[in-house]
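Each step along the sequence shown adds one to the number in this note's numbering, with nothing skipped, and position 143 is 143.
By construction, the Cβ of each residue, glycine as well, lies at the ideal position given by its N, Cα and C atoms.
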Amino acid sequence: MRAQIRRLYTPFTGVAIVANTIGTLVIFALVLIMNIDVIARGLFNAPLRGVVEVVIFSLILIVFLQLPDVVRSNRLTRSDGFLVLAETNFPRIGSWLSRAIDLAACIFMALIAWTIWPEAIESIETCGFISGPEFGGQVDGGLFARIAAAFGRCEYFGTPGIFTAPWWPAKMSIAFSVTLCAIIFLFKTILGNRNPALVDDGESPV
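Below is the structure:
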């Protein structure tokens, strides 16, 4: 039974690893932008516009894209001194305490997901990708012109005239992240949250 549950768990761990990789690429892109801004500011007295907004927007993506893999690999920051002591001296009690914590985290993440998903969907709907603009006709031109016009209608983040970006990618990343975290915590509750350092039976840690 545990082996079957582990097989169900495996695809979600793969998705978490891929999301973490994308978050890392966002970090590299952010470092590149900030270095270009420093060079442009120092050598040409022409700083890039909207760097502050880009940093804020990127941090949202980085944190929430990497969060599921942090949960998967047991690297989420928490005060676990008592839990480690319990697992060392009373393994059964420590195991159940760990599962209880993971279950509470699963419920908490599920509540966040339940709250953010409608906001993310509503943010996408403001763009009118499928239904078109609420007022006025469709933009004349090809597909790319209509897509560009739709992005211009989206609920945006930033300062008009300096930097703006649609809010829905950030909200979708939050919704995706907390949903995946809830699923991972659920599997941890079922399978047990073992410390990778203590695994010596050849099985992949959970």
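Under DSSP, the beta strand (DSSP E) around residue i begins and ends at which residues?
i, result
"residue 159", "156-159"
"residue 126", "Per DSSP, residue 126 belongs to no beta strand (DSSP E) and is neither H nor E."
"residue 166", "163-166"
Check each candidate in the options and name the one with the smallest Cα separation from residue i.
i, options, result
"residue 163", "65, 54, 190, 78", "54"
"residue 70", "154, 192, 23, 107", "23"
"residue 108", "178, 16, 123, 14", "178"
"residue 86", "77, 98, 75", "98"
"residue 173", "127, 160, 153, 63", "63"
"residue 226", "125, 14, 51", "Residue 226 is absent from the structure shown; the chain starts at 1 and stops at 206."
"residue 153", "4, 122, 191", "122"
"residue 180", "36, 161, 10, 25", "10"
"residue 30", "14, 13, 48", "48"
"residue 104", "5, 2, 190, 7", "190"
"residue 158", "44, 56, 42", "56"
"residue 66", "42, 91, 21, 34", "21"
"residue 171", "116, 156, 187, 127", "116"
Is it the case that the CB of residue i approaches a heavy atom of the ligand FMN more closely than 6 Å?
i, result
"residue 61", "No copy of the ligand FMN appears in this structure; indeed no ligand is present at all."
Measure the CB-CB distance between residue i and residue j and report whether it falls below 7 Å.
i, j, result
"residue 19", "residue 68", "yes"
"residue 102", "residue 185", "yes"
"residue 72", "residue 16", "yes"
"residue 227", "residue 26", "It is not possible to answer for residue 227, since the shown part of the chain is limited to 1 through 206."
"residue 96", "residue 124", "no"
Take the Cβ of residue i as the centre, count every other Cβ of all protein chains shown within 10 Å, and call the residue buried at 16 or more, exposed below.
i, result
"residue 39", "exposed"
"residue 118", "exposed"
"residue 166", "buried"
"residue 79", "exposed"
"residue 234", "Residue 234 lies beyond the residue range present for the chain, which begins at 1 and ends at 206; the question has no answer from this structure."
"residue 28", "exposed"
"residue 77", "exposed"
"residue 3", "exposed"
"residue 88", "exposed"
"residue 44", "exposed"
"residue 187", "buried"
"residue 135", "Only weak support is given to the placement of residue 135: the predicted model assigns it a pLDDT of 49, under 50, and the value that follows is read from those uncertain coordinates. That one is exposed."
"residue 120", "buried"
Considering residue i, what are the terminal residues of the alpha helix (DSSP H) in which it resides?
i, result
"residue 42", "2-44"
"residue 72", "51-72"
"residue 48", "Neither: residue 48 is in no alpha helix (DSSP H) and is coded neither H nor E."
"residue 85", "81-89"
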